[in-house]
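Remarks on the structure that follows.
There are 2 protein chains.
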Amino acid sequence: MDIQRIEAAAERLNGHARVTPLLSSPFLDEIAGRRVLVKAECLQHTGSFKYRGARSAVSALPDAQRKHGVIAYSSGNHAQGVALAAQQFGISAVIVMPSDAPRMKIDNTRALGAEVVLYDRMTEDRDAIGTRLATERGLSLIKPFDEPEVIAGQGTCGLEIATQAAELGVTKADVIVCCGGGGLTSGIALALEARAPGMRVRPAEPQNFDDVARSLASGRIEHNARPTGSLCDAIVTMQPGDITFPILHRLCGPGLVVSEDEAQKAMAQAFARLKLVVEPGGAVALAAALYHADQIQGDTVIVTVSGGNVDRSVFLRALDQFGNG
Amino acid sequence: MDIQRIEAAAERLNGHARVTPLLSSPFLDEIAGRRVLVKAECLQHTGSFKYRGARSAVSALPDAQRKHGVIAYSSGNHAQGVALAAQQFGISAVIVMPSDAPRMKIDNTRALGAEVVLYDRMTEDRDAIGTRLATERGLSLIKPFDEPEVIAGQGTCGLEIATQAAELGVTKADVIVCCGGGGLTSGIALALEARAPGMRVRPAEPQNFDDVARSLASGRIEHNARPTGSLCDAIVTMQPGDITFPILHRLCGPGLVVSEDEAQKAMAQAFARLKLVVEPGGAVALAAALYHADQIQGDTVIVTVSGGNVDRSVFLRALDQFGNG
């Protein structure tokens, strides 16, 4: 994995992925005690950064292989990204999704033309299901994070951050990234290593699912106790990937951990101050910047808002309970 | 008023106003029966397009005059725009606001450093109050729409639409603009006349407050029966302006009129499909594109989402009642 691979992905994504804006609000700066720049990936196609990696990986397949179709396993955001990328290439997509994924994500994945196969997160192994279906039908498996072309695609978000921050005169900052398996975090870290070496990339995770923070602290891959059970499930994985962890370990940290209440408070702030709809998992980096300011260094902090695919009831509850800051 | 004035405003706004994204969703396209491109001005500084015109007008004042401060009368969005522009120039701002303006807009205007003077919309004349205060204190009055430098500032939104649409290969489309006094609509129309003459600009208004649509139909300035009383109050004025109307009459129409329910349905769609927080008045153009498709021509329609400053309770009600499409 290197910057050339990310640049190649950026070329393939040019004209397809959206260049998302870097937003800000004086009201957020006041809470955080420093300037807060928000990379609004919830405005990416399909409502999350995942489209970048999905389109990167699907577009990198050889034509002869791609035409047989693709398969992915995902709690929802990667699913939608792969479904849209496949639709754009006119190929079939099978998506293996947990049966308890947010309804909106399942519906959207189907509406984007994919065949959805549901599984039980507690009793079944999505990797095994994915591999079996891929073999049976000749589909190419598009992994959600532990795959170089996916990491390269997510890294294009980092290229944009480097350019947009430089336009604002910012070359040195903590860059806090919502982190599950580490695809977005490692991609951004590789891009910034080359383009904005004054930045320090730090993963943000929800409480009790801080496998990456603990892995960075111990220097080896650590696991979560449970595979699910967080309001921030969109970014919960059991452990960082075999490809992403060495990158995270070399370039990132220390990790930041936020509570579910803090994630919801950040959702309410994004509503009021940025006019953005953010899902709980997509709000953990902003929550870290706003409510763990003492763990952050520098005059400016950059955060990703990684997704906005939230069921209405979850969003309403966050605003209802935490809408007054 | 001509394109040179808009270009001059664009130069003054460069590096200050945000270039807002032109968003889309296949789900909105399906409802509208054509491609829908959404100019997301709710992501502009202060949460609405009004910052463009305010910063344009404040920056166009001679230094010797500007230093005495500015005054504006506004139901909220123009207020915040003027307050921020004044703060950025380090000058004082007095804002005359109706006492029934959304709480968030009053609070934000104060938080941006402005002195807020409240008045009763039903019994007092905001123009008279503004003029008196301006004279007493030597403040420059920044009118909300009927002022060339304000129109020029709003017109920069049109320059961006022309560029962003051309990048997508779109040079011909109905461009539907949320319309109150006509500042944004006339500014965009002037910009597109010069830069994208294949576009047709059409104002969108809420039912019972369709003074512009009726004025365009009759060829002379028509009034609303009431000054207030719409959920979409942010874009309600008694009549189009003396400067804006001739521009609207020459370049725009026919107008589109939507119900409050349709505006709220559009808010719910913007939540689900665009991940944007939109205020009722800011949703009327999108509502027209989605629910009055038979009155629109062409394969592509462009709409402005003009603001996102909505009180939480109003937003929750819209999602609650109209969240299932």
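Sequences listed follow chains L and D, in order.
FYI, the working numbering numbers position 219 of the first sequence as 219, with every residue one higher than the one before it.
Here the working numbering = 1-based position in the second sequence + 325.
C-beta: ideal position from N, C-alpha, C; glycine also.
- In this structure, V284 (chain L) sits away from C42 (chain L), with a CB-CB distance that is not shorter than 8 Å.
- Here DSSP, grouped into helix, strand and coil, assigns A17 (chain L) to coil.
- Cβ neighbours of T156 (chain L) within its own chain (closer than 8 Å, five residues either side excluded): I6, A9, A10, L13, A17, R52, S56, G187, A191.
- The DSSP-derived three-state label of V603 (chain D) is coil.
- Interface annotation, V284 (chain L): not in contact with chain D, CB-CB separation never under 8 Å.
- Residue-level contact by beta carbon holds for F352 (chain D) and chain L, with a gap shorter than 8 Å.
- For D624 (chain D) against R359 (chain D), the beta-carbon gap comes to about 5 Å, under 8 Å, which counts as contact.
- Burial is judged here by how many other beta carbons sit within 10 angstroms of a residue's own beta carbon; H403 (chain D) has at least 16 and is buried.
- With fewer than 16 other CB atoms across the displayed protein chains lying within 10 angstroms of its CB, H223 (chain L) is exposed.
- Secondary structure of A93 (chain L) (DSSP, three-state): strand.
- Between A408 (chain D) and A459 (chain D), the C-beta gap is not smaller than 8 Å, which leaves the two residues out of contact.
- Beta-bridge analysis with DSSP links C252 (chain L) to L:V201.
- Interface annotation, C42 (chain L): in contact with chain D, CB-CB separation under 8 Å.
- Taking the CA atoms as reference points, R457 (chain D) sits about 10 Å from G463 (chain D).
- Less than 8 Å separates the beta-carbon of L118 (chain L) from that of M97 (chain L).
- Shown here is that no member of the stretch 545–565 of chain D has a Cβ falling below 8 Å from a Cβ of chain L.
- With respect to chain D, the C-beta atom of G47 (chain L) has a partner C-beta closer than 8 Å.
- V177 (chain L) is outside the set of residues whose beta carbon lies under 8 Å from a beta carbon in chain D.
- By the beta-carbon neighbour count (other beta carbons within 10 angstroms, threshold 16), D211 (chain L) is buried.
- Under the Cβ distance rule, A357 (chain D) does not count among the residues neighbouring chain L, no pair being separated by less than 8 Å.
- The contact set of G463 (chain D) on chain L, defined by CB atoms closer than 8 Å, is empty, because the minimum CB distance reaches about 27 Å.
- Taking 8 Å as the CB threshold, R18 (chain L) lines the interface with chain D.
- If you draw a 10 Å sphere on the C-beta of D174 (chain L), you find 16 or more other C-beta atoms in it, and that means buried.
- The alpha-carbon separation between Q594 (chain D) and G241 (chain L) amounts to approximately 36 Å.
- Within the model, the alpha-carbon separation for S350 (chain D) versus Q564 (chain D) is close to 34 Å.
- Look at the stretch 472–487 of chain D: it has no residue with a C-beta under 9 Å from a C-beta of chain L.
- Contacts with chain D at 8 Å (Cβ-Cβ) do not include R52 (chain L).
- Chain L places no beta carbon closer than 8 Å to that of G494 (chain D), leaving this residue out of the contacts.
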